[in-house]
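Notes follow once the structure below has been shown.
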Amino acid sequence: MINALTFDIEDYYQVEAFKNYITFEEWPRYPSRVEQNTQKILGILAERHVKATFFMLGWIAERFPAMVKCIADDGHELATHGYAHQMVYKQTPAEFEADLAKSIEVLERFSGTQIIGYRAPTYSIIEDSYWAFDTLIKHHILYDSSIFPITHDRYGVPNSERFPYRIERDNGASIMEFPLSTLRLWKWNFPIAGGGYLRLFPYWLLKYSLRLLNRQQKPGILYLHPWELDPDQPRIPNISVTTRFRHYVNLHSTANKLRRLIRDFQFAPIREVLNL
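If you're matching positions, the sequence shown starts at 4 in our numbering and goes up one per residue.
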């Protein structure tokens with residue numbers, strides 16, 4: 004069974020958890036580490052000739068066009084993560100469309116590839132923002148990977164289907180959805196898709212969970228951010244205890260877990276897993 008491997012390409016200071024401390028206008032003040040950390044990811048994937056999907060912010064692509072081209076030239080899939088890392092349900096439909104269109108234009112210009120995939124910042128397509136699917140379809144996006152079938156303080160559609168499915172809209176159009184992976188435990192979905200969960204949980208649990216999905220003939224999907232492989236990143240001061248834990252826990256072990264995952268399982272870009 005082939006699983007999907009994905010990376011959300013954003014810098015350490017752009018995460019939603021820091022929005023109360025760092026504004027969009029302040030981003031240029033912070034030293035960027037996204038290029039060196041993305042190169043680290045590319046190096047790890049090259050060790051086993053693994054290809055992945057890179058959901059990139061348009062803001063990042065504009066500032067690092069050579070990195071965009073490098074990812075595309077290495078045979079990976081480029082997809083959009085929006086332009087300015089704005090949560091979907093905090094935008095109006097017009098604001099969302101402008102952000103999406105800008106990101107697609109930038110990524111296609113620098114990658115020379117067609118952008119067919121989207122992931123919302125902070126998985127922020129929830130039931131109240133399903134209108135976003137109509138905008139994605141309008142802009143020729145063939146698949147989305149934003150729905151997390153869990154309960155969380157910032158995101159989640161706990162009653163969503165857990166594996167790839169087609170979302171049908173009222174106008175007859177449709178789009179493929181690849182939800183983030185969960186393990187079903189009694190009445191609840193347990194997140195195993197990556198990010199902070201991958202950093203927090205022991206490797207044996209990640210391996211067990213993904214193997215269980217594959218035994219059911221279901222593909223898993225994993226995600227990471229470049230900053231999660233960077234234990235030496237600058238620390239943001241005066242943040243809450245919860246935010247500090249979520250962002251910095253086990254950064255030192257991420258690279259090794261990624262290496263073990265691509266050794267123990269088969270991975271490919273989303274477009275290949277979904278045969279798009």
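Yeah, the Cβ is synthetic: ideal placement off N, Cα and C, and Gly gets one too.
Close Cβ partners of residue i (< 8 angstroms) along its chain, the five nearest in sequence each way excluded
{"i": "PHE204", "result": "ILE195"}
{"i": "LYS141", "result": "GLU100"}
{"i": "TRP288", "result": "The structure shown does not extend to residue 288, since the chain is modelled only from 4 to 279, so the question has no answer here."}
{"i": "GLU130", "result": "VAL160"}
Buried/exposed call for residue i, threshold 16 Cβ in 10 Å
{"i": "HIS52", "result": "exposed"}
{"i": "ALA82", "result": "buried"}
{"i": "PRO286", "result": "Because residue 286 is not part of the residues shown, which for the chain are 4 to 279, the question remains open."}
{"i": "ASP3", "result": "Examination of residue 3 is not possible in this model, given that the chain is present from 4 through 279 alone."}
{"i": "PHE181", "result": "buried"}
{"i": "SER148", "result": "buried"}
{"i": "PHE151", "result": "buried"}
{"i": "PRO34", "result": "exposed"}
{"i": "TYR226", "result": "buried"}
{"i": "VAL244", "result": "exposed"}
{"i": "HIS228", "result": "buried"}
{"i": "GLN308", "result": "The requested residue 308 is not part of the displayed model; the chain covers only 4 to 279."}
{"i": "TRP230", "result": "buried"}
Beta-ladder partner(s) of residue i, from DSSP
{"i": "TYR59", "result": "Strictly speaking, residue 59 in this sequence is Met, with Tyr absent from that position. According to DSSP, which records beta bridges pairwise, MET59 is partnered with ILE12 and THR83."}
As assigned by DSSP and simplified to three states, the class of residue i
{"i": "PHE270", "result": "strand"}
{"i": "PRO182", "result": "coil"}
{"i": "ILE144", "result": "coil"}
{"i": "SER212", "result": "helix"}
{"i": "TYR24", "result": "coil"}
{"i": "ASN241", "result": "coil"}
{"i": "PRO34", "result": "coil"}
{"i": "ILE224", "result": "strand"}
{"i": "TYR92", "result": "helix"}
{"i": "PRO194", "result": "strand"}
{"i": "GLU100", "result": "helix"}
Reference residue i, options the options, closest by Cα
{"i": "LYS22", "options": "GLU275, PRO237, ASP131 and MET90", "result": "MET90"}
{"i": "GLY199", "options": "GLU65, TYR251 and PHE10", "result": "TYR251"}
{"i": "LEU186", "options": "LEU213, ARG218 and VAL160", "result": "LEU213"}
{"i": "TYR16", "options": "TRP62, LEU215 and HIS79", "result": "TRP62"}
Contacting residues, own chain, Cβ-Cβ under 7 angstroms from residue i (five flanking each side not counted)
{"i": "ARG32", "result": "none"}
Own chain residues within Cβ distance below 6 angstroms of residue i, not counting five before or after
{"i": "ARG157", "result": "THR125"}
{"i": "SER184", "result": "ILE195, ALA196, GLY223 and ILE224"}
{"i": "ARG274", "result": "GLU80"}
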